[in-house]
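In this note's numbering, the protein residues as written are 22 to 246. Input: a single structure, listed below in structure tokens.
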Ligand SMILES: [Zn+2]
């Protein structure tokens, strides 16, 4: 179907407040553009053990948190387009020229079957399209683990993800932009980055849609990555 017809049948809505978008190519509504918890400058950046920097356009709270939950747990996969584009804009502002390709922190095969889509992959692919670099599947998740969001302590979160990813040789020599939906303690991104560097990647920098505060963990939820 043509996109005009699709727009007629499913008019685009703001992913954060779900109001109809009046401007055809807008990613979000003017109200949310004004009032969302945007991160700028240094507040958009976080460092990690094995990645140089992680940048995020938004803080993970209020309508941002609700929108991410709809994206991950309620099948709102169309949010990948506006979310991925917001991530790409943030990367352009903060990390220009520091990567050759985009990859993502993947779901396990079991979780992928349950959800039907890999939410981080869709974000990575949309961001890569906008940034005009390839999106490459450089990582596999070899087993299912308890949700990171159910673990509050950084040490527990690190131990939970240790050794669960594998990277084929394709990562060798690449400067990688690693994408995920939310960064909290950075354990998942750090373990993915460690795996990529062990496989020979030259450098890993990260982007997520939203950044949760380290000192105030999100409440445990029943389902998560
Ligand atoms: Zn809105």
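Positions of the beta carbon are idealized from the N, C-alpha and C atoms, including for glycine.
A check of alpha carbon separations from residue 160 across 52, 94 and 218 identifies 218 as the nearest. In the same chain as residue 79, and ignoring 5 residues on each side of it, the C-beta atoms closer than 8 Å to its own belong to 57, 58, 59, 60, 85, 107, 230, 231 and 232, in chain order.
Taking every residue with its beta carbon within less than 7 Å of a heavy atom belonging to ligand 1 gives, in chain order, 35, 37, 38, 40, 49, 50, 52 and 53.
With contacts defined by Cβ atoms closer than 9 Å, residue 149 and residue 115 do not form a contacting pair. Sequence-distant Cβ neighbours of residue 111 in its own chain, meaning closer than 6 Å and more than five residues away, are 76 and 78.
Checking the DSSP bridge columns, you'll see residue 66 partnered with 76. Sorting 55, 200, 73 and 32 by C-alpha distance to the C-alpha of residue 46 places 32 at the top. By a beta-carbon distance limit of 8 Å, residue 69 contacts residue 210. Their separation comes to about 6 Å.
About 17 Å separates the beta carbon of residue 199 from that of residue 101, a gap too long to meet the 8 Å contact definition. The Cβ atoms of residue 97 and residue 88 sit closer than 9 Å to each other. DSSP places residue 165 in the coil class of the three-state scheme, outside both helix and strand. With respect to residue 71, residue 212 sits close: the two C-beta atoms are nearer than 9 Å.
Within the same chain, Cβ atoms closer than 6 Å to the Cβ of residue 146 are found at 156, the five residues on either side in sequence being excluded. With a beta-carbon spacing of about 7 Å, residue 158 and residue 124 fall inside the 8 Å limit used to define contacts. With fewer than 16 other beta carbons inside 10 angstroms of its own, residue 163 counts as exposed. Nearest Cα to residue 55 within the set 74, 35, 207 and 194: 35.
A check of alpha carbon separations from residue 152 across 121, 191, 129 and 177 identifies 121 as the nearest. Rounded to whole angstroms, residue 92 and residue 52 show a C-alpha spacing of 20 Å. When rounded, the separation of the alpha-carbon atoms in residue 138 and residue 172 is 24 Å.
Between residue 196 and residue 222, the gap from beta carbon to beta carbon is short of 9 Å.
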